[in-house]
């Protein structure tokens with residue numbers, strides 16, 4: 003009999019016996035075994051079985067910086083991302099991957115996590131951040147980062163009839179000598 007859930011049954015065998023498929027509940031289960039003979043004599047023994055149910059609950063994860071939204075635009079070639087994660091048992095790791103350039107890594111921290119200097123590729127970068135618990139359950143949050151790189155102008159080279167080129171990449175000065 004299992005006192006934890008009120009189930010009982012009959013074992014098979016006499017001097018050596020067994021009982022399969024005893025229903026257990028999470029936590030402590032006190033199993034009482036009673037043996038009796040044909041004269042009505044009885045003996046009992048107990049066994050305590052502690053059952054830990056499998057963790058099937060995925061962790062939660064949220065991105066809180068640089069935005070709580072699902073999209074973000076920047077002119078910087080790197081980005082820092084941070085947020086929170088939680089689980090009914092505990093978060094064992096927070097990892098990230100940028101699908102645009104194939105970079106990935108592990109965040110610093112688990113329930114309060116941060117990732118520094120994620121390299122961005124020009125254009126759309128889909129960055130997935132995943133929380134995993136010790137049972138292997140995983141959930142993800144995704145942020146789509148648009149990286150718009152500043153355009154640079156190459157220095158101009160002097161060509162005839164120009165006599166000289168001066169200035170910088172954003173304000174070139176061309177001096178032209180008339181024939």
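Residue numbers (the working numbering): 3 to 181. C-beta: ideal position from N, C-alpha, C; glycine also.
Suppose you measure from the CA of residue i to the CA of residue j; what does that come to, to the nearest Å?
i	j	result
residue 135	residue 124	33 Å
residue 68	residue 58	31 Å
residue 71	residue 139	24 Å
residue 19	residue 47	14 Å
residue 15	residue 29	29 Å
residue 62	residue 117	17 Å
residue 7	residue 36	17 Å
residue 42	residue 54	37 Å
residue 45	residue 23	23 Å
residue 78	residue 60	34 Å
residue 110	residue 147	20 Å
residue 126	residue 141	22 Å
residue 88	residue 40	58 Å
residue 149	residue 121	10 Å
Let me know the secondary structure DSSP gives residue i once reduced to three states.
i	result
residue 96	strand
residue 33	strand
residue 17	coil
residue 135	strand
residue 123	coil
residue 4	strand
residue 41	coil
residue 27	coil
residue 12	coil
residue 142	strand
So, at 7 Å on beta carbons, what are the nonlocal neighbours of residue i in its own chain, with the 5 sequence-adjacent residues on each side left out?
i	result
residue 114	86
residue 2	Outside the shown range of the chain (3 to 181) lies residue 2, about which nothing can therefore be said.
residue 38	44
Near residue i, what residues of its chain come up, given a Cβ to Cβ distance below 6 Å and the 5 sequence neighbours on each side ignored?
i	result
residue 119	80
residue 137	57
residue 130	99, 142, 144
residue 73	146
Throw me the rounded Cβ distance for the residue i and residue j pair, which I believe falls under 8 Å.
i	j	result
residue 99	residue 108	Contact flag wrong, Cβ pair sits at about 11 Å.
residue 102	residue 128	6 Å
residue 132	residue 97	5 Å
Go through its chain and collect everything with a Cβ distance to residue i's Cβ below 8 Å, but skip five positions before and after it.
i	result
residue 106	97, 98, 99, 100
residue 12	21
Considering only residues of the stretch 50-112, which uninterrupted beta strand (DSSP E) runs meet the minimum length of 3 residues and lie entirely inside it, listed in chain order?
Listed in chain order, the beta strand (DSSP E) runs fully inside the stretch 50-112 are 62-67, 73-76, 80-88, 93-100, 105-108, counting runs of at least 3 residues.
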